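What follows is one structure encoded as structure tokens, with my remarks underneath.
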Amino acid sequence: MMGKRILLIVGGGIAAYKSLDLVRRLRERGFSVRVVLTEAGSQFVTPLSLASLSGQEVHQELFSLTAEARMGHIELSRDADLVVIAPATADLLAKAAHGHANDLASTLLLATDKRVLAAPSMNLRMWLHPATQRNVATLRGDGMLFVGPGDGAMACGEYGPGRMAEPLEIVAAVEAALAGDTTIPLPFAKPGPLAGLRVIVTSGPTHEPIDPVRYIANRSSGKQGHAIAQAAAAAGASVVLVSGPVTVPDPAGVNTIHVETARQMLEAVEASLPADIFIGAAAVADWRVGAALAEKLKKGASGPPTLGLVENPDILATVASHAQRPRLVVGFAAETEKVIDHAQAKLARKKCDLIVANDVSPATGVMGGDANTVHLVSKSGVETWPTLPKAEVAQRLVAQLAARMGEGGA
Ligand code: PMT
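Going by this note's numbering, the first residue of the sequence shown is number 474, and it counts up by one from there.
Given below as structure tokens:
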């Protein structure tokens with residue numbers, strides 16, 4: 474679950490104090506936690522405590538110009554693998570059940586494309602009230618997941634159901650939820666040419682640490698890989714996007730896993746198998762520093778340091794020779810000279826079915842830019858496309874892959 478992102482909505486209930494521990498427990502397990510605190514929630518816990526524990530800015534307002542400039546509320550609602558509401562008050566559940574969007578928390582719950590896990594917390598009469606029970610039934614029908622509430626003594630002096638689940642129970646429910654597909658498909662999504670198929674796409678660069686503050690990287694922006702993931706999802710596939718560090722947003726309707734290094738990318742890809750199609754669009758660093766330093770490298774009398782590089786695992790080649798090899802394995806080739814020759818060599822060496830070759834010489838502006846000129850290299854020959862926006866390259870590629878799958882594979 475390393476690197477999975479949780480958006481935690483803290484509502485206004487006395488159990489909000491347990492949410493502080495929840496943040497700690499989630500972070501101990503390698504989750505990153507971004508917190509949204511409702512106005513009522515801020516009567517029980519402070520944004521400062523939540524910011525200190527989560528290590529991130531706490532979001533509180535729907536109409537905040539500064540926060541909106543950094544991350545819009547739609548992006549905030551999607552830039553997570555799972556949304557958790559703890560404590561989920563009667564009021565928050567009522568708003569969610571009826572589709573209200575009059576504050577940041579309710580707007581995010583309406584705008585998100587990810588599953589929501591709620592940990593209700595309220596007085597037992599409020600919990601047992603038919604209105605709350607109706608709202609919970611509606612929300613369950615909409616796909617919301619619930620953990621708790623449990624029975625017990627309440628802060629208000631009564632005894633019964635309504636006590637928020639303990640932080641570790643919530644963590645277990647988070648892990649269980651993340652083990653499945655957490656993307657909510659759009660209700661009007663049409664079955665496309667890739668319907669029923671599972672596609673894994675890698676995108677962006679990898680960062681290979683030198684020391685705690687420095688890393689080896691490249692200029693890939695993730696635009697091409699993300700566009701492919703988006704196009705595959707639009708074609709009806711269930712898509713896992715394994716992304717290196719990028720600033721482009723997670724595509725809607727795609728399960729995005731965020732990683733930093735080549736080794737983490739390989740681990741996330743292997744954990745996402747089996748799949749029908751693999752597309753390696755990431756610019757994976759070929760080498761990493763063999764022994765990255767735990768402390769910052771200092772300038773010293775002995776002159777410039779020597780970075781001992783070792784080879785990274787080849788993700789594309791690993792997938793192409795995997796026991797669970799997808800039916801179609803597509804690689805990219807980023808070249809600055811002899812583009813087709815090198816791509817043909819990569820096709821054979823990495824045992825893939827298709828290579829999308831592009832010229833990444835600085836003059837082309839392909840890395841980081843919005844357009845690409847690609848050559849599709851396969852055993853049956855080379856097809857060159859005109860310069861196109863990356864979104865169009867993605868759509869054409871997906872159409873071509875769908876046709877190949879329809880023909881029975883590679
Ligand atoms: O991200 P953008 O700014 O939109 O730019 C898009 C792009 C230029 C990065 C993209 O179109 C592209 O060419 N991606 C592949 C970049 C690359 O690493 O190419 P390569 O020729 O070094 O590698 C060949 C193939 O092996 C690629 O599919 C790569 O993902 C894969 N590989 C490479 C090394 C490694 N250790 N593991 C791998 O899986």
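Cβ atoms here follow ideal geometry from the backbone N, Cα and C, with glycine treated the same way. None of the values given here were measured: they were computed from a predicted structure.
Give a single yes or no on whether S851 has its beta carbon closer than 6 Å to a heavy atom of the ligand PMT. Position 378 of the sequence shown holds residue 851. No, Cβ of S851 sits at least 6 Å from all heavy atoms of the ligand PMT.
Top-ranked residue by Cα proximity to H602, from S745, G635, G503 and K824: What you label residue 602 is simply residue 129 of the sequence shown in a count that begins at 1. Ranking the options by Cα distance to H602, first place goes to G635.
Touch check for the segment 811 to 828 and the segment 845 to 865: three-plus C-beta pairs under 8 Å? yes
Any idea what DSSP makes of G804, helix, strand or coil? Position 331 of the sequence shown, counting from 1, holds the residue named residue 804. DSSP places G804 in strand when its eight states are reduced to three.
How far does the beta strand (DSSP E) with I547 in it extend, from its first residue to its last? Taking the first residue of the sequence shown as position 1, residue 547 is located at position 74. Unbroken run through I547 is the alpha helix (DSSP H), H546 to R551; no beta strand (DSSP E).
Between which two residues does the beta strand (DSSP E) holding T857 run? Here the question's residue 857 lines up with position 384 in the sequence shown. From DSSP, the beta strand (DSSP E) with T857 extends over G854 to T857.
Does the Cβ of F536 have 16 or more other Cβ atoms within 10 Å, making it buried, or fewer, making it exposed? Locating residue 536 in the sequence shown gives position 63, where the first residue counts as 1. Classification for F536: exposed.
For N831, list the residues DSSP reports as bridge partners. The residue given as residue 831 occupies position 358 in the sequence shown. Answer is A807 and V847, bridged to N831.
Could you tell me if Q516 is buried or exposed, where buried requires 16 or more neighbouring beta carbons within 10 angstroms of its beta carbon? Taking the first residue of the sequence shown as position 1, residue 516 is located at position 43. By the 10 Å Cβ count, Q516 comes out exposed.
Could you please give me the residues that DSSP links to T675 through a beta bridge? Sequence index remark: in the sequence shown, residue 675 carries index 202 (1-based). V715 and G753, per the DSSP bridge assignment.
Mind checking whether H731 and G476 have CB atoms under 7 Å apart? Numbered from 1 along the sequence shown, position 258 holds the residue referred to as residue 731. Numbered from 1 along the sequence shown, position 3 holds the residue referred to as residue 476. Against a cut-off of 7 Å, the Cβ pair of G476 and H731 comes out as a contact.
Bridge partners for L590 per DSSP, in chain order? Here residue 590 refers to the residue found at position 117 of the sequence shown. According to DSSP, L590 bridges with V557 and L618.
When the Cα atoms are used, what is the spatial distance from V556 to L521? Numbered from 1 along the sequence shown, position 83 holds the residue referred to as residue 556. Numbered from 1 along the sequence shown, position 48 holds the residue referred to as residue 521. Roughly 21 Å between the two C-alpha positions.
Is it a yes or a no for the segment 591 to 598 touching the segment 618 to 638, going by three-plus beta-carbon pairs under 8 Å? yes
Closest Cα partner of M840 within the set K863, R761, W760 and V509: As a working mapping, residue 840 is identified with position 367 in the sequence shown. Closest option to M840, Cα to Cα, is K863.
Verify the contact flag: K696, CB atom, against every heavy atom of the ligand PMT, threshold strictly below 6 Å. As a first step, residue 696 is located in the sequence shown; it is residue number 223 there, counting from the start. Yes; taking the cut-off as 6 Å, the Cβ of K696 has a heavy atom of the ligand PMT nearer than that.
For L618, I'd like the list of residues in its chain whose CB is within less than 8 Å of its CB, leaving aside the five on either flank, ordered along the chain. Translated into positions along the sequence shown, residue 618 becomes position 145. Excluding residues within five positions, the ones whose Cβ falls inside 8 Å are R588, V589, L590, A591, A646 and A650.
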